[in-house]
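**Q**
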Amino acid sequence: MSRPGDYRLVNGTVIDHLPVGSAARAMDLLGLPREGPVTVGINVPSPSQGRKDIVRVEGLFLEKHELDRLALLGPSITVSIVRGGKVASKTVLDVPQRLVDMIPCRNPTCITNAEPVVTVFVREGERPYRFRCAYCERIARVAKT
Ligand SMILES: [Zn+2]
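All residue numbers for the sequence shown refer to our numbering, where the first residue is 136 and numbers rise by one.
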């Protein structure tokens, strides 16, 4: 007999090593639930991280732009693709070199806040990364990635 918390993926995606408290944000970013069942673990013990959040979604395979957004939630988010009940691939997300139309610029006089211009931020340095506005050079405020 399986219990409700034991739901195992057959074909879908596991988003693991989310920082504690970011599961809801991840679901919001991805517009979950869409079709299949979603199971969410919050404040789950993790050998490497202390505590983490985890989201498992049956029937969902993410697009590149969705992975890029997820990558902004934390430094070591892992996405596993499950097919036929087995992990087919596992990837630690990296943040893209350029964030296009993903985060707002917090400089009130930046052109992106005055004109219909999409924001562009350029990644700098090593982890934790900094992101600089391509228009006004203001550093963005994002989670530690
Ligand atoms: Zn700016």
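Note that beta-carbon positions come from the ideal geometry of N, C-alpha and C, so glycine has one too.
Counting only runs that start and end within the stretch 150-186, where is the beta strand (DSSP E) found for 3 or more residues in a row?
**A** For the stretch 150-186, whole beta strand (DSSP E) runs of length 3 or above, ordered along the chain, are 173-181.
**Q** Using the rule of at least 16 other Cβ atoms within 10 Å of the residue's Cβ for burial, across every protein chain shown, is G220 buried or exposed?
**A** Exposed is the call here.
**Q** Could you tell me whether any non-hydrogen atom of ligand 1 is closer than 7 angstroms to the CB of R273?
**A** Checking every heavy atom of ligand 1 against the Cβ of R273, one is found closer than 7 angstroms.
**Q** Would DSSP call K221 helix, strand or coil?
**A** Three-state DSSP puts K221 in a strand.
**Q** On the CB-based measure, 16 or more other CB atoms within 10 Å of its CB, does G209 come out buried or exposed?
**A** Answer is buried; the Cβ neighbour count reaches 16.
**Q** Just to confirm, does Y270 get its C-beta within under 7 angstroms of one of the non-hydrogen atoms of ligand 1?
**A** Yes, Cβ of Y270 sits closer than 7 angstroms to a heavy atom of ligand 1.
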